[in-house]
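Data first, discussion second: the structure below is written as structure tokens.
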Amino acid sequence: MIMDVQIKDIRPGQKNLNVVFIVLEVGHPTVTKENREIRSCKVADATACINVSVWDEPGQHLVPGDIVKLTRGYAAVFRDSLTLYTGKTGDLQKIGEFCMVFNEQLNMSEPNPSLSTQFGTANNLLVNSNGPASNAGLMTNNGSRQPLQPNQQQLPPQQQQPPPAAMAQNSMLPKTNARDSNNGASRFNNDSGNGKNPTMGRGCSRGRGAGGPRNGSRDRR
269 MIMDVQIKDI RPGQKNLNVV FIVLEVGHPT VTKENREIRS CKVADATACI NVSVWDEPGQ
329 HLVPGDIVKL TRGYAAVFRD SLTLYTGKTG DLQKIGEFCM VFNEQLNMSE PNPSLSTQFG
389 TANNLLVNSN GPASNAGLMT NNGSRQPLQP NQQQLPPQQQ QPPPAAMAQN SMLPKTNARD
449 SNNGASRFNN DSGNGKNPTM GRGCSRGRGA GGPRNGSRDR R
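What follows is the structure, encoded as structure tokens:
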């Protein structure tokens, strides 16, 4: 059902809207990956003002002061702001210029974070290759927040790090083994060329050098 509405009565999710407004500002075009142009225009009527998103050629002909009738538009939330869209089946028609009373004080596109929570967003609609007119019925599906996939929630097993306690214990093991092996090598390898244990060698030399002759002399006596 097509509705003739004033800007102050526009709410998120409404579609088939007919609105008459005057163009106040025309933004610079934004080019999409599909090489399409999007312009954000500030428009107003006697009740309030709102942002209108216009695609491609119609936006090239709009200038401030134009009085335009939008047919079969729809309203959605984009970046926390209520925005009016022309839609795929929508139409913009210039019906005059300059002579129109408008209200710029009440801005229906004032950013409001609660709108995104309640009604979702239209971000995906703006980058859709078919244009935003893929219809307001798709707004909820495209604007809803999708849950993260399992592979986005956690790292693969090979990339997971061990707990800090395990890392500390593992870091100590190589140092302890290296210290023991080095000490063992310095204790035994330096004397390995003599072929004798240094302690045993001293004991034997003492017995032979001092005790041997004394015992022999006593036996001879």
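Letter by letter, the sequence shown follows residues 269 to 489 of our numbering. No residue lacks a Cβ here, since even glycine has one placed at the ideal position from N, Cα and C. Just so you know, these numbers come straight off a predicted model, no measurement behind them.
{"Query": "Roughly how many angstroms lie between the CA atoms of L292 and G364, to the nearest whole one?", "Result": "14 Å"}
{"Query": "Quick check: what's the CA-CA separation for D334 versus T357?", "Result": "21 Å"}
{"Query": "When you compare only the Cα positions, how much space is there between R340 and L360?", "Result": "9 Å"}
{"Query": "On a CA-only basis, which of L350, F289 and R304 is nearest C367? Give me that one, please.", "Result": "F289"}
{"Query": "Along the chain, which unbroken stretches of the beta strand (DSSP E) at least 3 residues long are found entirely within the region 321-374?", "Result": "334-346, 349-353 and 359-365"}
{"Query": "Excluding the 5 residues preceding and the 5 following S449 in the sequence, name in chain order all residues of the same chain whose CB lies nearer than 8 Å to its CB.", "Result": "Confidence at S449 is low in this model, with a pLDDT of 44, below 50, so its placement is unreliable and the value that follows should be read with caution. Closer than 8 Å at Cβ, skipping near neighbours: no residue."}
{"Query": "Please classify T300: does DSSP put it in a helix, a strand, or coil?", "Result": "coil"}
{"Query": "How would you label S382, buried or exposed, when you count the other beta carbons within 10 angstroms and need 16 or more for buried?", "Result": "exposed"}
{"Query": "Could you check if N303 is buried or exposed, using at least 16 other CB atoms within 10 Å of its CB as the buried criterion?", "Result": "exposed"}
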